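Sequential numbering of the sequence shown, starting at 1, is according to the numbering used here.
All C-beta atoms, glycine included, are put in the ideal place defined by N, C-alpha and C.
Source: prediction; values computed, not measured.
Quick notes on the structure that follows.
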Amino acid sequence: MADERIQETPDNEAETADDKPIKQRKNGLYAAVSDELAENMKSGWADTELRGLTALPQAGQTAARRAALSARFPGERLVVPAGNLRTRSNDTEYPFRASTEYAYLTGDQTQDGVLVLEPAGPSGHDATVYLLPRSDRGNGEFWLDGQGELWVGRRHSLAEAEQLLGVPAKDVRTLAGVLSEATGPARVVRGHDAGVEASLTDKVTAERDEELRSYLSEARAVKDDFEIGELQKAVDSTVRGFEDVARVLDRAEAETRGERYIEGTFFLRARIEGNDVGYGSICASGPHATTLHWVRNDGRVRAGDLLLLDAGVETDTLYTADVTRTLPVDGSFTPLQRKIYDAVYEAQEAGIAAVRPGAKYRDFHDAAQRVLAERLVEWGLLEGPVEKVLELGLQRRWTLHGTGHMLGLDVHDCAVARREVYADGTLEPGMCLTVEPGLYFQADDLTVPEEYRGIGVRIEDDILVTADGNRNLSAGLPRASAEVETWLAGLRTA
Ligand code: GLY
Ligand code: MN
Ligand code: MN
1 MADERIQETP
11 DNEAETADDK
21 PIKQRKNGLY
31 AAVSDELAEN
41 MKSGWADTEL
51 RGLTALPQAG
61 QTAARRAALS
71 ARFPGERLVV
81 PAGNLRTRSN
91 DTEYPFRAST
101 EYAYLTGDQT
111 QDGVLVLEPA
121 GPSGHDATVY
131 LLPRSDRGNG
141 EFWLDGQGEL
151 WVGRRHSLAE
161 AEQLLGVPAK
171 DVRTLAGVLS
181 EATGPARVVR
191 GHDAGVEASL
201 TDKVTAERDE
211 ELRSYLSEAR
221 AVKDDFEIGE
231 LQKAVDSTVR
241 GFEDVARVLD
251 RAEAETRGER
261 YIEGTFFLRA
271 RIEGNDVGYG
281 SICASGPHAT
291 TLHWVRNDGR
301 VRAGDLLLLD
311 AGVETDTLYT
321 ADVTRTLPVD
331 GSFTPLQRKI
341 YDAVYEAQEA
351 GIAAVRPGAK
361 YRDFHDAAQR
371 VLAERLVEWG
381 LLEGPVEKVL
391 ELGLQRRWTL
401 HGTGHMLGLD
411 VHDCAVARRE
421 VYADGTLEPG
431 MCLTVEPGLY
441 FQADDLTVPE
451 EYRGIGVRIE
461 DDILVTADGN
471 RNLSAGLPRA
481 SAEVETWLAG
491 LRTA
């Protein structure tokens, strides 16, 4: 959209400070603002303050999370920034996505927001969220600043934010002073807000900050009921996105960059129903399916090939799904595609069956890898015995990646949890993880018969650990090869 402030005004270049342009670029592209217009824009605006707002549905949970955090780090100031806009070019920014830690602890997603837990008393903290308040009409900020509300939309007032979040809110422009003047130890979640970090340099250490980040990663491992509901919403939208894709496979085949048609189709569903996609969609047709993170998505979608679609909708609350289906583009698997697909399906079934409370985290990976190793030996691609193959990890030439990961606000959730509580840990009810075995035969892999080359299959589902086993949140999409074919046929004719 054209920036209406930016007009060719050659006369502007001759202006002096006396002309009082509130904002002027070196290249003279801003129109000057007369005193009369500046005065006119200050007034005549209705009071739109919202009163009596109800708190966000997750406000109770965010309060409990802050209380747990407070108990873990008594007597220390804890600072959790949302992050800032990142410049794409000049005055154009990338879409903003609040930091996971900030969203988890506040339910808020406002750029530049900062949660501060201030030590209070021997063992507690007072929480304050620092936010940018409504734009000032008196100084022209709201219509002359690129981040003013006239340009980017109305913000919540601090009083409104307090009602929604259940946390006292203050002006973030006072925060640098507050942090600089404060004494005593502090911790900050690094990597989101360089300005906030700069205000804390003499009060934090890298090691202690890492402990804070690690704690917040581990705290997210077990999801509460609100989070499970959001994850189910993310998955349900993702199921609809996959259905959208199935309906347009013929159309995608007609495009030179059919993978992009698939990507755009799924993205439309993500934007209509959620915030975004939770990660770059992998729309990998034919041999591209053997490239694990194929996000260029610039290839053709051809009948006779498999399309590996790995995509997830991120909800408005920032929880994401992570689902993969490998679909025969023309609706039917060839015998070899089916053989490979069914092996991956069988491995996934074994993996899912190993997800239950009390199981070691690694169990589902081991169960899936065993099935894949067995099939690879059976097909003559590896020499047995299977135990030896597994011991040496030889199946990994074609299985390539771990069989899953935690899922939540981040697609690879809890990523900085300590090994003893994640990879070497034990599953508990409320954990949510992906189970996603795959087999990938690279197009240039001379160790497999030619007909295998260029085939890649992954099946990925989002599995919640329950009190007595697990629940497949993505069961709304078929997985068994015959069911996938029936599902495709139904949507194609719809
Ligand atoms: N979509 C990335 C993954 O499956 O881990
Ligand atoms: Mn995935
Ligand atoms: Mn995944």
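Exercise. Put Y440 into one of helix, strand or coil per three-state DSSP.
Key: strand
Practice problem: Would you mind sorting S481 into buried or exposed? The rule is 16 or more other CB atoms within 10 Å of its CB. | Solution: buried
Quiz item: Just the Cα atoms here: how many angstroms apart are D316 and A353?
Solution: 31 Å
Quiz item: Near Y345, which residues of its chain fall below 8 Å by C-beta distance, leaving aside the five closest residues on each side in sequence?
Solution: I459, R479, A480, S481
Exercise. Under 6 Å from any heavy atom of ligand 3, by CB: list those residues in chain order, please.
Key: D322, H405, T434, E436, E460
Quiz item: Does the Cβ of I282 lie closer than 7 Å to at least one heavy atom of ligand 1?
Solution: yes
Quiz item: In the DSSP assignment, what residue or residues form a beta bridge with G430?
Solution: Paired residue(s): none; G430 is not in a bridge.
Practice problem: Inspect the beta-carbon positions of W398 and L376 and report whether they are closer than 8 Å. | Solution: yes
Self-check item: Burial state of R251, where buried means 16 or more other Cβ atoms lie within 10 Å
Solution: exposed
Practice problem: Find out if the Cβ-Cβ distance for the pair D193, V129 is shorter than 8 Å. | Solution: no
Quiz item: Quick one: what's got a C-beta closer than 7 Å to G402's C-beta in the same chain, skipping five residues either side?
Solution: H365
Quiz item: Under a three-way DSSP split, which group does V114 fall into?
Solution: strand
Self-check item: Residue closest to N297, alpha-carbon to alpha-carbon, out of V448, F266, E211
Solution: F266
Exercise. Report buried or exposed for F446, applying the criterion of at least 16 other Cβ atoms within 10 angstroms of its Cβ.
Key: What sits at residue 446 in the sequence shown is Leu, not Phe. With fewer than 16 other Cβ atoms within 10 Å, it is exposed.
Self-check item: Beta-carbon gap between A172 and D112 smaller than 8 Å
Solution: Inspection of the sequence shows that residue 172 is occupied by Val rather than by Ala. Contact flag set, yes.
Exercise. Tell me N470's beta-bridge partners as DSSP assigns them.
Key: V465
Quiz item: Which value, in whole angstroms, describes the spacing of the CA atoms of A64 and T54?
Solution: 18 Å
Quiz item: Whose C-alpha, out of S123, T201, L464, L150, is nearest the C-alpha of W45?
Solution: L150
Practice problem: Look at the alpha carbon of C414 and the alpha carbon of G278, and state the distance between them as a whole number of angstroms. | Solution: 15 Å
Quiz item: Helix, strand or coil for Y279 per DSSP?
Solution: coil
Practice problem: Give me the Cβ distance between G83 and A98, rounded to the nearest whole Å; I'm assuming they're in contact under 8 Å. | Solution: 6 Å
Exercise. Note down, in chain order, each residue of its chain lying with its Cβ closer than 6 Å to the Cβ of G430, except the 5 sequence neighbours on either side.
Key: V222, K223
Practice problem: Note down, in chain order, each residue of its chain lying with its Cβ closer than 8 Å to the Cβ of D18, except the 5 sequence neighbours on either side. | Solution: Bear in mind that a pLDDT of 40 at D18, under 50, signals an unreliable position, so the model cannot answer this.
Quiz item: Taking Cβ positions, are G258 and S285 nearer each other than 8 Å?
Solution: yes
Quiz item: My guess is that P335 and A443 are in contact by the Cβ rule of under 8 Å, so how many angstroms apart are they, rounded?
Solution: So it is not a contact: roughly 20 Å between Cβ atoms.
Quiz item: What are the boundary residues of the beta strand (DSSP E) that includes P502?
Solution: Because the chain in this structure spans residues 1 to 494, residue 502 falls outside the shown range and cannot be described.
Exercise. With a 10 Å radius around its C-beta and 16 neighbouring C-beta atoms as the bar for buried, classify E36 as buried or exposed.
Key: exposed
Quiz item: T447 CB to nearest chain C CB: under 8 Å?
Solution: Among the chains of the structure shown, chain C does not appear; only one protein chain is present.
Quiz item: Given that a residue counts as buried once 16 or more other Cβ atoms are within 10 Å of its Cβ, and exposed if not, what is Y94?
Solution: exposed
Practice problem: Give a single yes or no on whether D310 has its beta carbon closer than 7 Å to a heavy atom of ligand 1. | Solution: yes
Exercise. Could you spell out where the beta strand (DSSP E) holding K170 opens and where it closes?
Key: 169-171
Quiz item: So, L306 versus R325, is the Cβ gap smaller than 8 Å?
Solution: no
Quiz prompt | Nearest-angstrom beta carbon gap, I282 and V295 [assumed within contact, 8 Å] | solution = 6 Å
Self-check item: Under the three-state DSSP convention, the category R5 falls into
Solution: The predicted model places R5 with a pLDDT of 42, which falls under 50 and marks its position as unreliable; any figure quoted below should be read in that light. If DSSP states are grouped into helix, strand and coil, R5 belongs with coil.
Exercise. State yes or no: is the C-beta of H288 nearer than 7 Å to some heavy atom of ligand 1?
Key: no
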